[in-house]
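Colleague: Numbering (the numbering used here), first residue to last: 10 to 365.
Heads up, the beta-carbon is just placed ideally off N, CA and C, and yes, glycines get one too.
Computed from a predicted structure; not experimentally measured.
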């Protein structure tokens, strides 16, 4: 029977949860050799996905279409790494043997195509993406411990990271949240804990999350195809400790009403930097900067929490060259956070967040 002993599977899972950040540099090196034209600030982005200045978020559009299911054979090269037994997909083995505390198969938007500032998506379950993105990370961990490399049969069989019909590619986002004040700018960092399904024990920008609807209903899937709405929900959950809410009234419920009003008044200014693929997991990430005038930030986030279900918030960090360099050199700072912060620092004049 094809498969690996359960103890070997769990050993790799344990190593991955403790050391996933250590796989980023080897993944970048792999793509520097295999796909050098795609690398940009440590992420995979074709030239026509990149921009030489920040883009106001409202200029980015999303469209929804049906997507063909991924053929079953696309999973087959990973199956030798699953535990011997009945499990056919990576999420099934994790669910059976190593279930995370926060673990559910909610609907997500799936990347299908990028054309300038137009992004085409379909829908998929969270586990559909997990079976590709985190399976790639698991295979990389298994290979790294044995050989020091990250490539294996699954990555080689998938081939082109831009072949979106050939795999499910969910879309995450990370936001560099900037509080702009006369005395200077600060930003927020989150240290993720053990309870999350992926990227445990690393630091990210906050908020960060999945681009997904507030619930699985057809109405929500259509109405919530709006990145700003998803961002607002993450601000409510990660900075204010709000529970997840299905289909909130974005114009009446707090803090959504206040966020909407402040954005209309240009006291909150969200910018799109780019979309790219994580070099380890090939998951898509939208990189965002959201600049808050200090009075609005202090009012909306007066009740900001110091911890949430996914980890701890660090004290606000000064947005200056010394601090940026320190985070960019931190091996526990996620690839997405590193890429986003580096791009934002490159564009700091256009974003209006230069040191005073």
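If you measure between the beta carbons of residue 52 and residue 294, is that distance less than 8 Å?
Modeller: Position 43 of the chain shown, counted from the start, is the residue given in the question as residue 52. Position 285 of the chain shown, counted from the start, is the residue given in the question as residue 294. Yes. Within cutoff.
Colleague: In the DSSP output, what is residue 292 paired with across the bridge?
Modeller: Start at 1 with the first residue of the chain shown, and residue 292 comes out as number 283. None; residue 292 has no bridge partner.
Colleague: Under 8 Å between the Cβ atoms of residue 117 and residue 134?
Modeller: Sequence index remark: in the chain shown, residue 117 carries index 108 (1-based). Sequence index remark: in the chain shown, residue 134 carries index 125 (1-based). Yes, they are a contact pair.
Colleague: Would you call residue 143 buried or exposed, if buried means 16 or more other Cβ atoms sit within 10 Å of its Cβ?
Modeller: As a first step, residue 143 must be located in the chain shown, where it is residue number 134. Buried: at least 16 other Cβ atoms inside 10 Å.
Colleague: Considering only the beta carbon of each residue, do residue 282 and residue 298 sit closer than 8 Å?
Modeller: The count along the chain shown starts at 1 and reaches residue 282 at position 273. The count along the chain shown starts at 1 and reaches residue 298 at position 289. In contact: residue 282 and residue 298 (Cβ atoms closer than 8 Å).
Colleague: Which runs of the beta strand (DSSP E) at least 3 residues long sit entirely within the stretch 104 to 158? Give them in chain order.
Modeller: Complete beta strand (DSSP E) runs here, min 3: 116 to 124, 127 to 134.
Colleague: Which same chain residues, not among the five before or five after residue 122, have their C-beta less than 6 Å away from its C-beta?
Modeller: Counting from 1 along the chain shown, the entry for residue 122 is found at position 113. These residues qualify, in order along the chain: 129.
Colleague: Going straight from the alpha carbon of residue 125 to that of residue 104, what length do you get?
Modeller: Along the chain shown, read from residue 1 onward, the residue named residue 125 stands at position 116. Along the chain shown, read from residue 1 onward, the residue named residue 104 stands at position 95. If you take the alpha carbons of residue 125 and residue 104, they lie about 38 Å apart.
Colleague: List the whole-angstrom C-beta distance separating residue 79 from residue 176, where the pair is believed to meet the contact cut-off of C-beta under 8 Å.
Modeller: Locating residue 79 in the chain shown gives position 70, counting from the first residue. Locating residue 176 in the chain shown gives position 167, counting from the first residue. Correct: roughly 6 Å between the Cβ atoms.
Colleague: Can you tell me whether DSSP reads residue 23 as helix, strand or coil?
Modeller: Stepping through the chain shown from its first residue, residue 23 is reached at position 14. Reduced to three states, the DSSP call for residue 23 is helix.
Colleague: Below 6 Å CB to CB, which residues in the same chain sit around residue 255 once its five sequence neighbours on both sides are set aside?
Modeller: As a working note, residue 255 is residue 246 in the chain shown. Around residue 255: 223, 224.
Colleague: Which residue marks the beginning of the alpha helix (DSSP H) containing residue 266, and which one marks its end?
Modeller: By one-based count along the chain shown, residue 266 stands at place 257. From DSSP, the alpha helix (DSSP H) with residue 266 extends over 265 to 273.
Colleague: In chain order, what residues of the same chain lie with their CB nearer than 6 Å to the CB of residue 216, ignoring the 5 residues before and after it?
Modeller: In the chain shown, the residue the question calls residue 216 occupies position 207. So the qualifying residues of the chain are 184, 243, 244, 247.
Colleague: Are the CB atoms of residue 340 and residue 30 nearer to each other than 8 Å?
Modeller: Position 331 of the chain shown holds residue 340. Position 21 of the chain shown holds residue 30. Yes. Within cutoff.
Colleague: So, for residue 230: in the same chain, excluding its five sequence neighbours on each side, which residues have a beta-carbon less than 7 Å away from its beta-carbon?
Modeller: In the chain shown, the residue the question calls residue 230 occupies position 221. These residues qualify, in order along the chain: 116, 132, 222.
Colleague: Rounded to a whole number of angstroms, what is the C-alpha to C-alpha distance between residue 171 and residue 120?
Modeller: In the chain shown, residue 171 corresponds to position 162, counting from 1. In the chain shown, residue 120 corresponds to position 111, counting from 1. So the alpha carbons of these two residues sit roughly 10 Å apart.
Colleague: Under 8 Å between the Cβ atoms of residue 88 and residue 11?
Modeller: Numbered from 1 along the chain shown, position 79 holds the residue referred to as residue 88. Numbered from 1 along the chain shown, position 2 holds the residue referred to as residue 11. Yes.
Colleague: Of all the options 173, 362, 227, which has the alpha carbon lying nearest to the alpha carbon of residue 301?
Modeller: As a position in the chain shown, residue 301 is number 292, starting the count at 1. Taking only the C-alpha atoms, the option nearest residue 301 is 362.
Colleague: Which same chain residues end up closer than 7 Å to residue 62 when comparing Cβ atoms and leaving out the 5 residues on each side of it in sequence?
Modeller: If you number the chain shown from 1, residue 62 lands on position 53. Result list for residue 62: 356, 359, in chain order.
Colleague: Using a threshold of 7 Å, is the CB atom of residue 154 nearer than that to any non-hydrogen atom of the ligand NAD?
Modeller: Of ligands this structure carries none, so the ligand NAD is not represented either.
Colleague: Where do the N-terminal and C-terminal ends of the alpha helix (DSSP H) with residue 219 fall, by residue?
Modeller: Stepping through the chain shown from its first residue, residue 219 is reached at position 210. Note, residue 219: premise wrong, no alpha helix (DSSP H); beta strand (DSSP E) at 217 to 219.
Colleague: Compute the beta-carbon to beta-carbon distance between residue 71 and residue 234, rounded to the nearest angstrom, for a pair I have assumed lies under 8 Å.
Modeller: As a position in the chain shown, residue 71 is number 62, starting the count at 1. As a position in the chain shown, residue 234 is number 225, starting the count at 1. Confirmed, about 5 Å.
Colleague: Start and end of the alpha helix (DSSP H) containing residue 41?
Modeller: For the purposes of this step, residue 41 is taken as the residue at position 32 of the chain shown. From DSSP, the alpha helix (DSSP H) with residue 41 extends over 33 to 43.
Colleague: Look up residue 278 in the DSSP assignment and say whether it is helix, strand or coil.
Modeller: Residue mapping note: residue 278 aligns to position 269 of the chain shown, counting from 1. Residue state, collapsed to three classes: strand.
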